[in-house]
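Chains as they are written, first to last, in the numbering used here: chain A, 1 to 167; chain B, 1 to 141. Just so you know, even glycine gets a beta-carbon here, dropped at the ideal spot from N, CA and C. Note that the structure is predicted; figures quoted are calculated from it, not measured.
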Amino acid sequence: MSKSPKSSPEYGGRVLQGPAPRPRSTIVWRILAIIIGALFVYAGALKVWDPIRFAGDIENYHVLPWSVNVRLAFYLPWLEIICGLALIFRRLYSGALAFLLALLLVFLGVSIAAKVRGIDITCGCFGHVSDQLSFAWHLVLDFAILAAVIVLWRWDRRPYRVEHVGY
Amino acid sequence: MISLLRQCLLILGLALLPAAGQALYLRDKVSWQSPIPASEMVTVANARGWGSDAIWLDARTAEDFEKEHVPGALLLNGERWNELLPQVLANWSPEKRVVVYCSAVGCGSSREVARRLRQEAELKNVFVLEGGWEAWLAEKK
Numbered sequence: 001m002s003k004s005p006k007s008s009p010e011y012g013g014r015v016l017q018g019p020a021p022r023p024r025s026t027i028v029w030r031i032l033a034i035i036i037g038a039l040f041v042y043a044g045a046l047k048v049w050d051p052i053r054f055a056g057d058i059e060n061y062h063v064l065p066w067s068v069n070v071r072l073a074f075y076l077p078w079l080e081i082i083c084g085l086a087l088i089f090r091r092l093y094s095g096a097l098a099f100l101l102a103l104l105l106v107f108l109g110v111s112i113a114a115k116v117r118g119i120d121i122t123c124g125c126f127g128h129v130s131d132q133l134s135f136a137w138h139l140v141l142d143f144a145i146l147a148a149v150i151v152l153w154r155w156d157r158r159p160y161r162v163e164h165v166g167y
Numbered sequence: 001m002i003s004l005l006r007q008c009l010l011i012l013g014l015a016l017l018p019a020a021g022q023a024l025y026l027r028d029k030v031s032w033q034s035p036i037p038a039s040e041m042v043t044v045a046n047a048r049g050w051g052s053d054a055i056w057l058d059a060r061t062a063e064d065f066e067k068e069h070v071p072g073a074l075l076l077n078g079e080r081w082n083e084l085l086p087q088v089l090a091n092w093s094p095e096k097r098v099v100v101y102c103s104a105v106g107c108g109s110s111r112e113v114a115r116r117l118r119q120e121a122e123l124k125n126v127f128v129l130e131g132g133w134e135a136w137l138a139e140k141k
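Encoded structure:
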């Protein structure tokens, strides 16, 4: 009696939970993941360049004390870069998506809260490169990225994926 | 789920390595406890004591500046930096001290303006007003 492909050793003991994804749609999601990954690498690199300035930007939100802000200013850009690279090279993919989703939600939350409190925030998620954008355009951009990350997350958690692909 | 947690921990660790290295490398250039070192802050009373030796710079928006500002203050903010800086430099001389203020409640631009004046315009004796515009108003009463 031959073994079913769903439990074959060639899948490393992992289980295919449904039909394999269609190649064309896979390519679309891969391209989207690379674009989003590149965006985060770019956004992180801009802030890595001047962490002290980024600490000042976080301070402007008046949420956390300076001693925390300055440490976050060193850490968050590298987290963005690592997550961006993870999306591009499809390593630690689910973890990277989870972090990006959390980062975006927190960023959008504090941005809207700051605006409601009348705080002048000039810096978006692309540091001072996006200074010329209005707050509304910042929101549009951030929600678009959030939507893309959610779509990638949903795709990654789809029922017919191969569980725990090699990582 | 365990795989996701493992990935998250790995990402946290991977980001920590370069961040810690960079923080270690820049440890002497960063003020870890306060956004502005105490040596770069000045109280309203001290700044007023400098009299005509001080140049007051308002880092708030042009609209706020138009409504009210410290007498004799000049407007200088990030939005119109290139346009406004020449008039500041025209009033500046090496013996003068520069006092930058903005609203302490909703603005961090005095710190940014002070930083740019030091780094880009290479001015010395640039101070940020402790408590900002609100402190000035309170002192005036």
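Bounding residues of the alpha helix (DSSP H) (the contiguous stretch that carries residue i)
i: A/Tyr75; result: Trp66 to Phe89
i: A/Asp156; result: Phe135 to Asp156
i: B/Ile36; result: Careful: B/Ile36 lies outside any alpha helix (DSSP H) and carries neither H nor E.
i: A/Val63; result: Counting along the chain, A/Val63 falls outside any alpha helix (DSSP H), and DSSP gives it neither H nor E.
i: B/Leu123; result: B/Leu123 -> no alpha helix (DSSP H), and no H or E assigned at all.
i: A/Ser94; result: Tyr93 to Val116
i: B/Ala62; result: Ala62 to Lys67
i: B/Asn82; result: Trp81 to Asn91
i: B/Val70; result: From DSSP, B/Val70 is part of no alpha helix (DSSP H); its letter is neither H nor E.
i: B/Gly132; result: Gly132 to Lys140
Residue i vs residue j beta-carbon contact at 7 Å
i: B/Ala104; j: B/Gly132; result: yes
i: B/Val98; j: B/Val126; result: yes
i: B/Ala15; j: A/Leu79; result: yes
i: A/Leu97; j: A/Asp156; result: yes
i: B/Ala59; j: B/Cys8; result: no
i: A/Val110; j: A/Val68; result: no
i: A/Phe74; j: B/Gln119; result: no
i: A/Leu92; j: B/Ile11; result: yes
i: A/Ser94; j: B/Leu4; result: yes
i: A/Tyr61; j: A/Ala147; result: no
i: A/Ala33; j: A/Leu152; result: yes
i: A/Glu59; j: A/Trp49; result: no
Partner residues on chain B for residue i, Cβ-Cβ distance less than 7 Å
i: A/Trp78; result: Ala15, Pro18 and Ala19
i: A/Leu46; result: Within chain B, no residue comes near A/Leu46; the closest Cβ sits about 14 Å away, beyond 7 Å.
i: A/Ile150; result: What A/Ile150 touches in chain B: nothing, since even the nearest Cβ is about 16 Å away.
i: A/Ile82; result: Ile11, Leu14 and Ala15
Start-to-end residues for the beta strand (DSSP E) that takes in residue i
i: B/Val128; result: Val126 to Leu129
i: B/Asp28; result: Here B/Asp28 belongs to no beta strand (DSSP E), and DSSP marks it neither H nor E.
i: B/Ala54; result: Ala54 to Asp58
i: B/Arg97; result: Arg97 to Tyr101
Contact belief for residue i with residue j at Cβ below 8 Å, rounded distance in angstroms
i: A/Leu101; j: A/Val149; result: 5 Å
i: B/Ser110; j: B/Gly78; result: Rounded, the Cβ-Cβ distance is 11 Å, inconsistent with contact.
i: B/Ala121; j: B/Leu85; result: 7 Å
i: B/Leu57; j: B/Leu76; result: 5 Å
i: A/Leu104; j: A/Ile145; result: 6 Å
i: B/Trp92; j: B/Leu123; result: 7 Å
Partner residues on chain B for residue i, Cβ-Cβ distance less than 8 Å
i: A/Tyr75; result: Ala15, Leu16 and Ala19
i: A/Ala86; result: Ile11
i: A/Ile34; result: Per Cβ cutoff of 8 Å: no residues; A/Ile34 is ~18 Å from chain B at best.
Chain B residues whose Cβ lies nearer than 9 Å to that of residue i
i: A/Val41; result: Within chain B, no residue comes near A/Val41; the closest Cβ sits about 13 Å away, beyond 9 Å.
i: A/Gly56; result: Pro35, Gly108, Arg111, Glu112 and Arg115
Within chain A, the residues that residue i reaches when beta carbons sit closer than 8 Å
i: B/Ser34; result: Trp66
i: B/Leu4; result: Ser94, Gly95 and Ala98
i: B/Leu10; result: Leu92 and Gly95
Contact list for residue i against chain A, beta-carbon separation under 7 Å
i: B/Ala23; result: Phe74
i: B/Val149; result: No statement about residue 149 of chain B is possible, as the shown extent of chain B runs from 1 to 141 and does not include it.
i: B/Gln7; result: Leu92, Ser94, Gly95 and Tyr167
The ligand HEM heavy atom lying under 6 Å from the CB of residue i
i: B/Ser3; result: The model depicted lacks the ligand HEM and carries no ligand whatsoever.
(request) Decide yes or no for the touch test of the region 74–88 of chain A against the region 31–44 of chain A: beta carbon pairs closer than 8 Å, at least 3 of them. (result) Three or more pairs of CB atoms, one per stretch, sit closer than 8 Å, so the region 74–88 of chain A contacts the region 31–44 of chain A.
(message) So, does the region 123–130 of chain B touch the region 38–49 of chain B, judging by three or more C-beta pairs under 8 Å?
(response) They touch, by the three-pair rule.
(request) Tell me, please, whether the region 49–61 of chain B touches the region 20–37 of chain B by the rule of three or more beta-carbon pairs shorter than 8 Å. (result) The region 49–61 of chain B, when compared against the region 20–37 of chain B, does not touch it at the 8 Å Cβ threshold.
(message) For the region 53–72 of chain A against the region 19–34 of chain B, do three or more pairs of beta-carbon atoms, one drawn from each stretch, fall closer than 8 Å, so that the two count as touching?
(response) Yes, the region 53–72 of chain A touches the region 19–34 of chain B.
(message) Using a Cβ-Cβ cutoff of 7 Å, what residues of the region 91–107 of chain A are near chain E? List them in chain order.
(response) Any reference to chain E falls outside this structure, whose protein chains are A and B.
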